[in-house]
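Chemist:
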Amino acid sequence: MSYCVNCGVELDAAARACPLCGTPVINPRCPVDETAEPAFPLARREVEPVDRRSLGLLLTGMLASAAVCCCLINWLVFFPAVPWSVYVAGAAAVLWVWAALPLLARGRSVLLFLLADLAAAAGMLALIAALTDGWGWFGRLAMPILGITALLGAALGGMIARRRSGLTTAGVFFLLLILWLLALEALIDLFAFGAWQPGWSVIAAAAGLVAAVFLLIVRLRPRLREELGRRFHT
Numbered sequence: 019m020s021y022c023v024n025c026g027v028e029l030d031a032a033a034r035a036c037p038l039c040g041t042p043v044i045n046p047r048c049p050v051d052e053t054a055e056p057a058f059p060l061a062r063r064e065v066e067p068v069d070r071r072s073l074g075l076l077l078t079g080m081l082a083s084a085a086v087c088c089c090l091i092n093w094l095v096f097f098p099a100v101p102w103s104v105y106v107a108g109a110a111a112v113l114w115v116w117a118a119l120p121l122l123a124r125g126r127s128v129l130l131f132l133l134a135d136l137a138a139a140a141g142m143l144a145l146i147a148a149l150t151d152g153w154g155w156f157g158r159l160a161m162p163i164l165g166i167t168a169l170l171g172a173a174l175g176g177m178i179a180r181r182r183s184g185l186t187t188a189g190v191f192f193l194l195l196i197l198w199l200l201a202l203e204a205l206i207d208l209f210a211f212g213a214w215q216p217g218w219s220v221i222a223a224a225a226g227l228v229a230a231v232f233l234l235i236v237r238l239r240p241r242l243r244e245e246l247g248r249r250f251h252t
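In our numbering, the protein residues as written are 19 to 252.
1) Shortest alpha-carbon distance to residue 197 belongs to which of 220, 129 and 186?
2) Report the residue from 133, 225, 187 and 222 whose alpha carbon sits nearest the alpha carbon of residue 234.
3) Check for me: the alpha helix (DSSP H) holding residue 44 runs from which residue to which?
4) Would you report the Cα separation of residue 79 and residue 143, rounded to the nearest angstrom?
5) Can you name the start and end residues of the alpha helix (DSSP H) that residue 185 belongs to?
6) To the nearest angstrom, how far is the alpha carbon of residue 104 from that of residue 149?
7) Let me check one thing: in DSSP terms, what residues is residue 4 bridge-paired to?
8) If you draw a straight line from the alpha carbon of residue 35 to that of residue 47, how long is it in whole angstroms?
9) Please identify the residue among 109, 191, 43 and 50 whose C-alpha is closest to the C-alpha of residue 31.
10) For the candidate residues 40, 113 and 232, whose alpha-carbon lies nearest to that of residue 74?
11) Per DSSP, residue 21 forms a beta bridge with which residues?
12) Once the 5 residues before and after residue 213 are set aside, which same chain residues still bring their CB inside 8 Å of it?
13) What do you reckon, are the CB atoms on residue 84 and residue 110 nearer than 8 Å?
14) Could you check what DSSP says for residue 254 in three-state terms: helix, strand or coil?
15) By a C-beta neighbour count over all protein chains shown, 10 Å radius and 16 as the cutoff for buried, is residue 190 buried or exposed?
16) Does the region 115 to 129 touch the region 90 to 104, meaning 3 or more C-beta pairs lie closer than 8 Å?
17) Can you round the beta-carbon distance between residue 126 and residue 185 to whole angstroms, since I take them to be within the 8 Å contact cut?
18) Quick one, which of 93, 39 and 136 has its alpha-carbon nearest residue 161's?
Here it is as structure tokens:
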């Protein structure tokens, strides 16, 4: 076994140079073994793409197993009078829609996946409302928030589907985020206090507006965009 005379790293039998510092290997007592398999690949190869369907099936099995195990533990061993496993099963279903469904049903529209995500979230909230007798907040707070999220998400999905530039999409995203934050605080205040009391959403909206205006200015100024690209090596 040889060691690099420069950095001391251990060398394999097929090494002609140190893989760490590049120093040539010269050892008359231990010549390079031409037949030995090199420790590192000599040719560049492409990494095989991940099988999305297999990954989706794996996530499906994991989530289903977790839900079934929790239900069995809940109803057969611990606290059968408290249906805590229903929450776990509902959360597993939501995660399946969010993570596994896009892998299993690839090629679908972004808007369809968005609608499925919102439907899963609405189902989970309805489950919580049913188990806690909370249909009041579900109808007056949860559903309006989901509705506004669906509308703004559909607008953003339409921008992505039209393949707009990254800067334009990012600027529109910040503008939609501003509207969502303002609407979120307004709905919460109306539900809790009966009147909108502007506060944290205005501060967040100001910061988002600065980011949106900056991105849109860069989008409209080619020279500025090129200069920023050179500065940040993009």
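The beta carbon of each residue, even a glycine, is placed where N, CA and C say it ideally should be.
Every value quoted in this text rests on a predicted model; they were computed, and no experiment measured them.
Modeler: Let me lay it out:
1) Numbered from its first residue, the sequence shown carries residue 197 at position 179. For the residues 220, 129 and 186, the minimum Cα distance to residue 197 belongs to 220.
2) As a first step, residue 234 must be located in the sequence shown, where it is residue number 216. Checking every option, the nearest Cα to that of residue 234 belongs to 187.
3) Position 26 of the sequence shown, counting from 1, holds the residue named residue 44. From DSSP, residue 44 is part of no alpha helix (DSSP H); its letter is neither H nor E.
4) Walking along the sequence shown from the start, residue 79 turns up at place 61. Walking along the sequence shown from the start, residue 143 turns up at place 125. If I take the Cα positions, the gap works out to 24 Å.
5) Numbered from its first residue, the sequence shown carries residue 185 at position 167. That run of the alpha helix (DSSP H) goes 184 to 210.
6) Position 86 of the sequence shown, counted from the first residue, corresponds to residue 104. Position 131 of the sequence shown, counted from the first residue, corresponds to residue 149. Rounded to the nearest angstrom, the two C-alpha atoms are 9 Å apart.
7) What is shown of the chain runs 19 to 252, which leaves residue 4 out entirely.
8) In the sequence shown, counting from the first residue as 1, residue 35 sits at position 17. In the sequence shown, counting from the first residue as 1, residue 47 sits at position 29. Answer to the nearest angstrom: the Cα atoms are 16 Å apart.
9) Looking up residue 31 in the sequence shown gives position 13. Comparing Cα positions, the closest option is 50.
10) Walking along the sequence shown from the start, residue 74 turns up at place 56. For the residues 40, 113 and 232, the minimum Cα distance to residue 74 belongs to 113.
11) Counting from 1 along the sequence shown, the entry for residue 21 is found at position 3. BP columns for residue 21 point to 28.
12) Mapped onto the sequence shown, residue 213 falls at position 195. Closer than 8 Å at the Cβ level, and outside the excluded window around residue 213, lie 207.
13) Residue 84 sits at position 66 when you count from the first residue of the sequence shown. Residue 110 sits at position 92 when you count from the first residue of the sequence shown. Cβ atoms of residue 84 and residue 110: closer than 8 Å.
14) Missing from the structure shown is residue 254; the chain here goes from 19 to 252 and no further.
15) For the purposes of this step, residue 190 is taken as the residue at position 172 of the sequence shown. Counting Cβ neighbours within 10 Å, residue 190 comes out buried, since at least 16 surround it.
16) no
17) Along the sequence shown, one-based indexing puts residue 126 at 108. Along the sequence shown, one-based indexing puts residue 185 at 167. Contact doesn't hold; Cβ gap of about 27 Å is too wide.
18) Reading the sequence shown from its first residue, position 143 is the one you call residue 161. It is 136.
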